[in-house]
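Student: Structure in structure tokens, see below.
Number of protein chains: 2
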Amino acid sequence: MSTQTQSRPRAQNLADSVYQQLKSELFEFQLLPGDRFTEGEVADRTGASRTPVRQALYRLQREGFLAVNFRNGWEVRPLDFDQLDALYDLRILLEQTSIRRMEKLSAEKMNWILLPLEARWKVDPARRSSDARQIASWDEEFHCSLVAASGNPEFVRVHAEVTDRIQIVRRLDFTQPSRIAATYQEHASMLDALRRGGFLEAADQLATHIECSRVEARKLTLLKLQHARREFVSDGGSTI
Amino acid sequence: MSTQTQSRPRAQNLADSVYQQLKSELFEFQLLPGDRFTEGEVADRTGASRTPVRQALYRLQREGFLAVNFRNGWEVRPLDFDQLDALYDLRILLEQTSIRRMEKLSAEKMNWILLPLEARWKVDPARRSSDARQIASWDEEFHCSLVAASGNPEFVRVHAEVTDRIQIVRRLDFTQPSRIAATYQEHASMLDALRRGGFLEAADQLATHIECSRVEARKLTLLKLQHARREFVSDGGSTI
DNA sequence: AGCCCGTGTTCTGTATACAAGAGGGTATCC
DNA sequence: GGATACCCTCTTGTATACAGAACACGGGCT
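From first to last, the protein sequence lines stand for chains A and B. Residue numbers for the first sequence follow our numbering, so the first one is 27 and each next one is one higher. Residue numbers for the second sequence follow our numbering, so the first one is 27 and each next one is one higher.
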């Protein structure tokens, strides 16, 4: 396995450490879309020098989170809902394809994949978790498992990239109890379909499931941004 | 358009310049899979200092071309045919999906997409190009056009990444005249199918077309590597 | 009042100096 | 003779110094 695909790479470099700190600040909305800053500021804040900071910043730039203005500072890239839609579309494609390909799996492997997911999602409503962060993590695990079942490591890698890119809006989806309930119900329903060999049915449900999540996340993101800064400007397009 | 998706970014930084030089050396087999080198060597060779060199090296690392050994130099990652197969698989998925979605395009847009491709590929055999590099470039253009027709910029971006990653073996496919002829024939056939609305048919042809290319490229890569270094070692797996 | 030009500050891009650890070779000991 | 421990060299990781360009501000001119 290559270094970049390790699930939780324990930072041994300062660069990785700074990278993870910045990413967490992005996800926690401590760095808001449109915010501008300099390398020196980040260096001071993290205690590292500009060298590893730059390494982290350029990585985040290539991943699409930041943008650098030539000799004129950095900025958090505004949320582009068109791009997020495109990423959701790609995510659906990868997950649907993976589900459809599960048809070729042996019953044994199939069972091996479904069992842990059923244990997590087919539980009594009274025993469900309500911790948004926990649910978000489990949800990601659910969808990654489906893609992993495809057996194609590149599917997994790209899917993980896409997931990371949309996580900033997706995780908000689990702040509403009704959405958590829907997630439990829809995951259980998909698992049922897979159990009885309804791969196409499961794939259809998946698309609907993700689409709903996308729409909800979009709404919640707009609300969250309005709270994070009382005023926000729209440049006339779908970017904020 | 984001910086990273510019088709041919004219390097204004030394880092980009070094990046492109190294990548070209990789594609030209001047840097062979398994080769080891240090940052200082690259700095001397390119005339830049270690700072931009490191930026370029880390970029190539995250793109999967290189690997860094902690305080112990860099190496060109060996060709992993399993990974290449996975990448081909992903490429087929993206292109097939794009083709199937062309069904929803208006006749006008469809024509706008097909016309330049037909002008290039539906030509008299006597007027065909035989320049491997030229054909490789046109072939890439052909497949990228199909994905671009999907209208999803993220499809395009990921497809471009994948294409870049497999280019090192794919371009060898056009060193054989028979393969060039097959490429012309198959592209023309697919364009015909698309003209008469046979989207599924075209998608099927595409998969076969890419599969053939993959198998041929694999064979030729092994030959090329044997020529580039008289001896080569296999570590028992499918990596070289 | 408005516009233009020059200057100064600031920030990134690049080069270089320094630190720390991994690997190999050699000498020594058993 | 073989194995082990030590030391030296080499390489990356990190910090800092320097250069060049972009922007902002202010003064002078029309």
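No residue lacks a Cβ here, since even glycine has one placed at the ideal position from N, Cα and C.
Indicate whether at least one CB of chain B lies closer than 8 angstroms to the CB of Asn178/A.
Tutor: With 8 angstroms as the cut-off, Asn178/A counts as an interface residue toward chain B.
Student: If you measure beta-carbon to beta-carbon, which residues of the segment 115-126 of chain B are closer than 7 angstroms to chain A?
Tutor: Asp115, Leu116, Leu119 and Thr123
Student: In terms of residue numbering, what span does the alpha helix (DSSP H) encompassing Glu129/B cover?
Tutor: Run containing Glu129/B: none; DSSP gives neither H nor E here.
Student: Please confirm if Tyr45/A has its CB atom under 8 angstroms from at least one CB of chain B.
Tutor: no
Student: Counting only Cβ pairs nearer than 8 angstroms, list the residues of chain B close to Leu113/A.
Tutor: Glu180
Student: Name the one or two DSSP bridge partners that Glu89/B has.
Tutor: For Glu89/B, which the question treats as bridged, DSSP gives no partner whatsoever.
Student: Taking the C-alpha atoms as reference points, what is the distance between His185/A and Phe63/B?
Tutor: 32 angstroms
Student: Quick one: any contact between the segment 233-248 of chain A and the segment 109-118 of chain A, if contact means 3 or more CB pairs under 8 angstroms?
Tutor: yes
Student: Out of curiosity, what's the CA-to-CA distance linking Arg197/B and Gln122/B?
Tutor: If you take the alpha carbons of Arg197/B and Gln122/B, they lie about 21 angstroms apart.
Student: For Leu92/A and Gly66/A, I'd like the C-alpha separation in whole angstroms.
Tutor: 16 angstroms
Student: Could you tell me whether any Cβ in chain A is nearer than 8 angstroms to the Cβ of Gln109/B?
Tutor: yes
Student: Can you tell me where the beta strand (DSSP E) holding Val68/B begins and where it ends?
Tutor: Val68/B -> not in any beta strand (DSSP E); alpha helix (DSSP H) instead, spanning Glu65 to Thr72.
Student: Quick check: the Cα distance between Ser155/A and Val195/A, rounded to an integer number of angstroms?
Tutor: Those two C-alpha atoms are separated by around 20 angstroms.
Student: Using C-beta distances below 8 angstroms, list every residue in its chain close to Phe168/B, excluding the 5 sequence neighbours before and after it, in chain order.
Tutor: Leu143, Arg146, Trp147 and His213
Student: Does any residue of chain B bring its CB to less than 8 angstroms from the CB of Gln81/A?
Tutor: yes
Student: Work out the CA separation of Ala162/A and Ile206/A for me, nearest whole Å.
Tutor: 9 angstroms
Student: One question on the structure: do Gln103/B and Pro151/B come within less than 8 angstroms of each other, judged by their Cβ atoms?
Tutor: What sits at residue 103/B in the sequence shown is Arg, not Gln. No, Cβ-Cβ distance for Arg103/B and Pro151/B is not below 8 angstroms.
Student: So, at 7 angstroms on beta carbons, what are the nonlocal neighbours of Arg127/B in its own chain, with the 5 sequence-adjacent residues on each side left out?
Tutor: Ser176
Student: Can you find a C-beta in chain A that's less than 8 angstroms from the C-beta of Val173/B?
Tutor: Val173/B has a beta carbon lying at 8 angstroms or more from every beta carbon in chain A.
Student: Would Leu140/B pass as a contact of Leu217/B if the rule is Cβ separation under 8 angstroms?
Tutor: yes
Student: Since Val184/A meets chain B, which of its residues come closer than 8 angstroms, beta carbon to beta carbon?
Tutor: Leu116 and Val184
Student: Using only CA atoms, which one of Val182/B, Pro179/B and Val188/B lies nearest to Arg183/A?
Tutor: Measuring from the Cα of Arg183/A, the nearest candidate turns out to be Val188/B.
Student: Does the distance between the C-beta of Thr77/A and the nearest non-hydrogen atom of the ligand MN fall short of 7 angstroms?
Tutor: Only the bare structure without any ligand can be found here, which leaves the ligand MN out of the picture.
Student: Against Tyr84/A, what residues of chain B qualify as contacts under a CB-to-CB distance less than 7 angstroms, listed in chain order?
Tutor: Gln81
Student: What would DSSP say about Glu54/B, mapped onto helix, strand or coil?
Tutor: coil
Student: What did DSSP end up calling Arg153/A once you bin it into helix, strand or coil?
Tutor: helix
Student: What residues match up with Arg62/B in a beta bridge as DSSP calls it?
Tutor: Glu101/B
Student: Alpha carbons only, please: which of Gln87/B, Ile125/B and Gln46/B is nearest the one belonging to Ala228/B?
Tutor: Ile125/B
Student: Counting only runs of 4+ residues fully inside the segment 189-257 of chain A, write out the alpha helix (DSSP H) ranges in chain order.
Tutor: Those alpha helix (DSSP H) runs which fall completely within the segment 189-257 of chain A and span 4+ residues are 203-221 and 225-254.
Student: Give me the Cα-Cα distance between Ser239/A and Asn178/B, rounded to the nearest whole angstrom.
Tutor: Computed Cα separation, rounded: 19 angstroms.
Student: Answer with buried or exposed for Ala37/A, where buried requires no fewer than 16 other C-beta atoms within 10 angstroms of its C-beta.
Tutor: exposed
Student: Rounded to whole angstroms, what's the CA-CA distance from Leu105/B to Leu48/B? Just pull it up for me.
Tutor: Distance from the CA of Leu105/B to the CA of Leu48/B, rounded to the nearest whole angstrom, comes to 17 angstroms.
Student: To the nearest angstrom, how far is it from the Cα of Phe180/A to the Cα of Gln109/B?
Tutor: Checking the displayed sequence, the identity of residue 180/A turns out to be Glu instead of Phe. If I take the Cα positions, the gap works out to 7 angstroms.
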